[in-house]
Amino acid sequence: MKKLFSLPIFFVFVLFFSACSQAIQTPQPDRKTPMYESIADYETRQMVEAAGLQRISRLTGSQPEDITLLSSQKTEWDNTCLNLPNEGEPCTTEPVKGFTLFYQNFGHIYEVHSDKAAQNIRVTQTMTEFLSPTDLAIKMLTAQLQIPTDQILMQTVEEVVWRDSCLEIRSDQVCVPVDIPGFRIVLEAKGSRFEFHSNLDGSLILGGNNLETSSNPLFTWQTNDPICQLAVFTENSMGFRVCNDSEYVITPLSAEQADQLLTFITTYAPFSVSTPQGEITFNGLGSAAALEVDQNMIGNWAKDLVAAYLEQSGQNESPLSDYVSLSMQRTYAKDGASSRLIITNDYHLSGSNVEGVTVNDKTLASEQVVKMSEWKNLYHTQSFLIWNPSEEWEAEITFYGLGTADIPEDVQQEILIFAVGVYAFLFPDEFICKNC
340 MKKLFSLPIF FVFVLFFSAC SQAIQTPQPD RKTPMYESIA DYETRQMVEA AGLQRISRLT
400 GSQPEDITLL SSQKTEWDNT CLNLPNEGEP CTTEPVKGFT LFYQNFGHIY EVHSDKAAQN
460 IRVTQTMTEF LSPTDLAIKM LTAQLQIPTD QILMQTVEEV VWRDSCLEIR SDQVCVPVDI
520 PGFRIVLEAK GSRFEFHSNL DGSLILGGNN LETSSNPLFT WQTNDPICQL AVFTENSMGF
580 RVCNDSEYVI TPLSAEQADQ LLTFITTYAP FSVSTPQGEI TFNGLGSAAA LEVDQNMIGN
640 WAKDLVAAYL EQSGQNESPL SDYVSLSMQR TYAKDGASSR LIITNDYHLS GSNVEGVTVN
700 DKTLASEQVV KMSEWKNLYH TQSFLIWNPS EEWEAEITFY GLGTADIPED VQQEILIFAV
760 GVYAFLFPDE FICKNC
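Heads up: take any position in the sequence shown, counting from 1, add 339, and you land on my numbering.
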């Protein structure tokens, strides 16, 4: 929680994608294509999916229309056999980019590994009609995450009646209104929940992909303040990660937050924009063009949710603490101009002054590193405000700690003086010490 203090005058300083068989993570996203999939990538994926279907058709003697693509996911193999070698086949160790695909044909499920050119295609039959829907879901998630089955936990299996042919998984294809009895299966692996939808016998089962690679969420929000962070929003959850990380941390939205998000999505048409609150890619389903005030409102909503998540996690250890040690923004009352300072976790410095000039090529001195390291290991992440009446600026400091203690008021002022001194090191020509 931010606190406001007055500075004495002498102080100068967030496997699978395809049509109705789109794979989703709980809660499900609403698009088919992966985030930022280019036209070239889309055409490559379609070509590989068609080649895989033709291979299954030749192997089984079935007509292509009797074969269903369940999922396809980008994969990078570490050998030329694509992890499915023929008996006695030598496999050269080298990276091969391609796809993992699953097809269903008369109760049998086939796993296909293919390179991007669809020249090297490998097929194995992995599942049959003798498996229950839950068994099928576990095996599909095992293949998707490439982990053993004992690392997957079954959370719930619920009997439901799906209301369309896509088992109520959003798709960009036509889903026929029809009642289909089946199951909602929720599994847990790698700290995330994955939801599968099936019919009664498991001959149709859809779902269970990673949030980052599955498909476009309802909208994404990204900021570089103080470092690059990305949040993605689905109907009932927010996924957050620092851009350097590979995995999202998934947190559920409250009922009120989910309702607000639904209002946004059903009201406004899609847009992408840079706002003061961050970069937004908004996949709206409404018809109203979002005005600047609407875009800022949505940006503020996302920013506040991320801030609340970081504040809550900061009671233990903020996800940003592994990357940044301190950020400071000083805002001047006279004109609202502001200057910034960031000290990273490896003690590199980044700053910008009120004119927008940036400096990024300096580091803390050795004695400053010792002091910052001492604070970082002692105190937990917290933010505070301090007003300087003599120079009429307010400093907002966020300290990203790894410890457990609260920062006392006198240490907050000490940290402020430290930060302003570091800023003066970056911009010595504009620094004026009135009380030296």
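Glycine included, each C-beta is placed from N, C-alpha and C at the ideal position.
- Taking C-beta atoms as the reference points, residue 500 and residue 518 count as a pair closer than 8 Å.
- Rounded to the nearest whole angstrom, the C-alpha separation of residue 675 and residue 703 is 28 Å.
- Here DSSP, grouped into helix, strand and coil, assigns residue 573 to coil.
- Taking a cut-off of 8 Å on C-beta distances, the segment 432 to 439 touches the segment 395 to 413, as three or more cross pairs fall below it.
- Secondary structure of residue 759 (DSSP, three-state): helix.
- For residue 742, the CB contacts under 8 Å within the same chain, skipping 5 residues up- and downstream, are 715, 716, 717, 718 and 719 in chain order.
- The Cβ neighbour count for residue 632, taken over all protein chains shown within 10 Å, is under 16; the residue is labelled exposed.
- Assigned with DSSP and collapsed to three states, residue 541 falls in coil, not helix or strand.
- In the same chain as residue 503, and ignoring 5 residues on each side of it, the C-beta atoms closer than 7 Å to its own belong to 514, 515, 516 and 517, in chain order.
- Residue 701 has 688 as its beta-bridge partners, per DSSP.
- Every beta strand (DSSP E) of 3 residues or more that sits fully in the segment 384 to 439 is shown, in chain order, as 406 to 418.
- Assigned with DSSP and collapsed to three states, residue 491 falls in coil, not helix or strand.
- As computed with DSSP, residue 680 is found in a beta bridge with 667 and 690.
- The beta carbons of residue 481 and residue 442 sit about 17 Å from each other, so the pair does not count as a contact at 8 Å.
- A distance of 8 Å or more separates the beta carbons of residue 493 and residue 543.
- Per DSSP, the continuous beta strand (DSSP E) segment holding residue 448 begins and ends at 447 to 454.
- Of 640, 452, 616 and 567, the smallest CA-CA separation from residue 595 is found for 640.
- By the Cβ rule, the segment 600 to 610 counts as touching the segment 618 to 633, because three or more pairs are nearer than 8 Å.
- Residue burial annotation: residue 662 is buried, with at least 16 other C-beta atoms found within 10 angstroms of its C-beta.
- Within 10 angstroms of the beta-carbon of residue 721 lie 16 or more other beta-carbons, which makes it buried.
- In this structure, the CA atom of residue 645 is about 7 Å from the CA atom of residue 570.
- Only residues of its own chain outside the window of five on either side were considered, and among them none has a CB closer than 8 Å to the CB of residue 397.
- Rounded to whole angstroms, residue 383 and residue 455 show a C-alpha spacing of 7 Å.
- The bridge partners DSSP lists for residue 531 are 528.
- Annotated three-state conformation of residue 662 is coil, per DSSP.
- Here the alpha carbon of residue 541 sits roughly 29 Å from the alpha carbon of residue 381.
- Residue 627 has 607 as its beta-bridge partners, per DSSP.
- Counting along the chain, the unbroken alpha helix (DSSP H) around residue 484 starts and ends at 472 to 484.
- Under the criterion of beta carbons closer than 8 Å, residue 405 and residue 444 qualify as touching, at roughly 6 Å.
- When beta bridges are read from the DSSP output, residue 561 appears opposite 569 and 618.
- The Cβ-Cβ distance between residue 698 and residue 766 falls below 8 Å.
- For residue 738, the enclosing beta strand (DSSP E) starts and ends at 732 to 741.
- Taking residue 390 as the centre and dropping the five residues before and after it, the same chain places the C-beta of 457 closer than 6 Å to its C-beta, in chain order.
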